[in-house]
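Contents: one structure, followed by commentary.
Protein chains: 2
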Amino acid sequence: MASTVTLLIAPLPADAPADDVDATFHEVDASEPALRVGELSTQRGDGIFETLAVVDGHAQEAQAHLVRLRNSAAICELPEPNLEQWHAAIRRATSALPSTGEFALKLVLSRGVEHGPAPTAWLHASPAADFTVPREQGIRVVTLDRGLAHDAAARAPWLLLGAKTLSYAPNMAALREAKRRGADDTIFVSSDGFVMEGPTSSVILRIDGVYSTPAPSGAILHGTTQQSLFEHLEHAGERTEYRDIPVAELALADAVWLVSSVRLAAGVTALDGASVTFDEATTRRFNDYLLSPRD
Amino acid sequence: MASTVTLLIAPLPADAPADDVDATFHEVDASEPALRVGELSTQRGDGIFETLAVVDGHAQEAQAHLVRLRNSAAICELPEPNLEQWHAAIRRATSALPSTGEFALKLVLSRGVEHGPAPTAWLHASPAADFTVPREQGIRVVTLDRGLAHDAAARAPWLLLGAKTLSYAPNMAALREAKRRGADDTIFVSSDGFVMEGPTSSVILRIDGVYSTPAPSGAILHGTTQQSLFEHLEHAGERTEYRDIPVAELALADAVWLVSSVRLAAGVTALDGASVTFDEATTRRFNDYLLSPRD
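Here is the structure:
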């Protein structure tokens, strides 16, 4: 089996019948050029993406990721994606991958070539990095100022804060800054003192037995992994809540996690240099659940 | 002559001798694929760019653009570009273009392919759009909240505010919002009430005969066209200044311009729906200067 799959996708209108979608896929070799320099994704980070995990042949939460892709498209005024076409692309890629192991499957919808007639789209699946250490031993985290108030999205929707856009250079710079500070990852905090999100993850705190995550105000992404985990916790009778979380609560929490689609749940062991209790047993249960087939 | 030129560039280290740079250029057809899907420029807007004008065969302010490219690279922790190599690429592209007319020449330095060994780079030159109307008749502008305090860059350098990165999706969204409001362009204002910049331009005001532009605090780009125009004004005995400009001063100004490398000087004729005096004669002098060969 191939360990990487790259499909160029000719996007169908949202309401087009998806009964002959195979003709809209074109498999390419990822080591060969596939995109033109006029691509607005590359010129201006002007497009959106999703990254989902494929675990032992199963694409995790494909529908939740595609619903978020559709939401990002709406925020960015991109043509509404045809979810059936994307589901078919995910199925085709997944069936070409080995039936065991973990893979990262990235979906990209770009505004297309400058002055071009249509968006461009592709899917790229490749082996996931080995996340054994962050899953089992946790991560050190520093907080970094995101510069924006936690209600910025309502005042300035053109900042596209609720969309998962390709304009991620500041997110990558924040991760470099975290590493420079001796940490593994970062939690963005708003200029008015609220917990936001990681550059590529959602934040979950547990205080007095209640699992909390920042309210999806539009200034942060609504995390697919966080939502899946909250549903799982609720089914198990645990209490969960969405609310504005002042930064000071990070230090009061009895456990903190960063959760994301491919690394899954990583417990925080240190926050800005201070130790945080790492709940190894709960983190293992989280990851056992997150590695099980989910839809 | 070709009206578009695309050169893929194998970036040399900053201190490498640039005596055989032609071997580092590979001319391609812009309509053919040239970039891999693993490109971090396209996956994460993770790279930097410059756009300069070529007017009647002359690349305008090439050195100023390359110095800014080098500054952007430093902020983004990209390898320092070899400016001699970039100058050679600009010369090669310029010599291949027609000797009359206006062209936009875009330089891109990307972090490269994910997990790859080196950055990737390219240059793409194409005919400039026809900017006769905005130059001669001006533009309507609305102000839009940038969400950030005007001193955000000092507090949060990981936001990369002083770098011209490829993560421009919010800039493009702000232009769409401006058009939705019946305007042609926008001026970003900081959350604490200061004038910042346009999404692809610098702001210049004239109040009581003094030309002012926001101080380059790091939260905005230092505009190459604005700098060139200020030098020109100073040589002509005019007064110029860099300072923090409260938004309220926009309404007090006797003229406002957005200036950029390819559209050049566009006088503002309306601001948030209120008329602004359009100084047609000065704007024409600005554009006569900006269209003359400049280094």
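So the protein sequences, as listed, match chains A and B. Residue 295 is where the first sequence ends in the numbering used here, and the numbering goes up by one at each step. Residue 1295 is where the second sequence ends in the numbering used here, and the numbering goes up by one at each step. A virtual CB, placed ideally from N, CA and C, is assigned to each residue, including glycine.
Straight-line Cα distance separating residue j from residue i
| i | j | result |
| --- | --- | --- |
| B/Asp1192 | B/His1115 | 40 Å |
| B/Leu1160 | B/Glu1077 | 10 Å |
| A/Ser95 | A/Leu258 | 30 Å |
| B/Thr1051 | B/Ala1236 | 27 Å |
| A/Pro33 | A/His124 | 13 Å |
| B/Leu1205 | B/Ala1173 | 24 Å |
| B/Val1054 | A/Ala89 | 43 Å |
| A/Glu234 | A/Thr240 | 7 Å |
| B/Gln1226 | A/Val21 | 50 Å |
| A/Leu97 | A/Thr165 | 26 Å |
| B/Phe1025 | A/Arg176 | 31 Å |
| B/Gly1147 | A/Leu148 | 6 Å |
| B/Pro1119 | A/Leu109 | 23 Å |
| B/Val1262 | B/Glu1061 | 12 Å |
| B/Glu1027 | B/Thr1006 | 6 Å |
| B/Tyr1242 | B/Asp1208 | 15 Å |
| B/Ala1152 | A/Ser99 | 48 Å |
| B/Ser1126 | A/Ala253 | 56 Å |
| B/Ala1064 | B/His1087 | 11 Å |
| A/Ala59 | A/Ala128 | 13 Å |
| B/Ile1139 | B/Thr1200 | 14 Å |
| B/Val1113 | B/Ala1073 | 17 Å |
| A/Arg92 | A/Ser167 | 28 Å |
| A/Ala384 | A/Asp130 | This structure cannot settle anything about residue 384 of chain A, because the visible part of chain A is limited to 1 through 295. |
| B/Pro1117 | A/Ala16 | 42 Å |
| B/Trp1158 | A/Lys179 | 12 Å |
| B/Ser1041 | A/Ala154 | 28 Å |
| A/Glu231 | A/Thr282 | 15 Å |
| B/Asn1082 | B/Ile1187 | 33 Å |
| B/Asp1288 | A/Ala10 | 45 Å |
Which listed residue (the options) has its alpha carbon closest to that of residue i
| i | options | result |
| --- | --- | --- |
| A/Leu105 | B/Gln1043, B/Phe1049 and B/Thr1132 | B/Gln1043 |
| A/Glu280 | A/Val133, A/Ser3, A/Trp122 and A/Ala93 | A/Val133 |
| A/Val268 | A/Ser110, A/Gln137, A/Leu97 and A/Ala16 | A/Gln137 |
| B/Ala1121 | B/Pro1098, B/Asp1130, B/Glu1080 and B/Arg1239 | B/Glu1080 |
| A/Asp295 | A/Ala10, A/Thr224 and A/Pro13 | A/Thr224 |
| B/Val1141 | B/Asp1015, B/Lys1164 and B/Val1256 | B/Val1256 |
| B/Leu1221 | B/Thr1277, B/Asn1287, B/Ala1163 and B/Ile1187 | B/Ala1163 |
| A/Glu84 | A/Leu12, A/Gly112, A/Asp130 and A/Phe49 | A/Leu12 |
| B/Leu1008 | B/Asp1019, B/Leu1035, B/Asp1015 and B/Met1001 | B/Leu1035 |
| A/Ala156 | B/Leu1144, B/Ala1169, B/Gln1063 and B/Pro1157 | B/Leu1144 |
| B/Ser1292 | B/Ala1154, B/Gly1057, B/Thr1200 and B/Ser1167 | B/Gly1057 |
| B/Phe1286 | B/Asp1272, B/Ala1274, B/Ser1260 and B/Ala1016 | B/Ser1260 |
| A/Ala14 | A/Asp29, A/Val37 and A/Asn71 | A/Asn71 |
| B/Val1210 | B/Gly1198, B/Ile1245, B/Ala1018 and B/Asp1130 | B/Ile1245 |
| B/Ser1003 | B/Gly1101, B/Ser1041, B/Asp1019 and B/Ala1016 | B/Gly1101 |
| B/Gly1218 | B/Ala1023, B/Ile1075 and B/Pro1017 | B/Ile1075 |
| B/Val1203 | B/His1232, B/Ala1266, B/Glu1231 and B/Asn1171 | B/Ala1266 |
Three-state class that DSSP yields for residue i in the structure shown
| i | result |
| --- | --- |
| A/Leu8 | strand |
| A/Phe230 | helix |
| A/Phe286 | helix |
| A/Leu97 | coil |
| B/Val1262 | coil |
| A/Val210 | strand |
| A/Ile90 | helix |
| A/Ala74 | helix |
| A/Arg155 | helix |
| A/Leu161 | coil |
| A/Leu175 | helix |
| A/Pro246 | strand |
| A/Asn185 | The identity of residue 185 of chain A in the sequence shown is Asp, whereas the question assumes Asn. Correct three-state label for A/Asp185: strand. |
8 Å contact criterion, which residue i and residue j should meet: CB distance rounded
| i | j | result |
| --- | --- | --- |
| A/Ser190 | A/His150 | 4 Å |
| B/Val1276 | B/Phe1194 | Contact doesn't hold; Cβ gap of about 19 Å is too wide. |
| B/Leu1264 | B/Arg1135 | 6 Å |
| B/Leu1069 | B/Ile1048 | 6 Å |
| A/Pro214 | A/Met196 | 6 Å |
| A/Ala30 | B/Gly1045 | Not quite, the Cβ-Cβ distance comes to about 20 Å (not below 8 Å), so this is no contact. |
| A/Leu250 | A/Leu271 | 6 Å |
Cβ neighbour criterion (16 or more within 10 Å) applied to residue i
| i | result |
| --- | --- |
| A/Gly182 | exposed |
| B/Glu1039 | buried |
| B/Met1001 | exposed |
| B/Leu1107 | buried |
| B/Asp1185 | buried |
| A/Gly273 | exposed |
| B/Arg1111 | buried |
Chain C contact for residue i (CB, 8 Å cutoff)
| i | result |
| --- | --- |
| A/Gly147 | Among the protein chains of the structure shown, namely A and B, there is no chain C. |
Near the ligand FAD: residue i beta-carbon under 7 Å from a heavy atom
| i | result |
| --- | --- |
| B/Gly1038 | With respect to the ligand FAD, the structure offers nothing, as it holds no ligand at all. |
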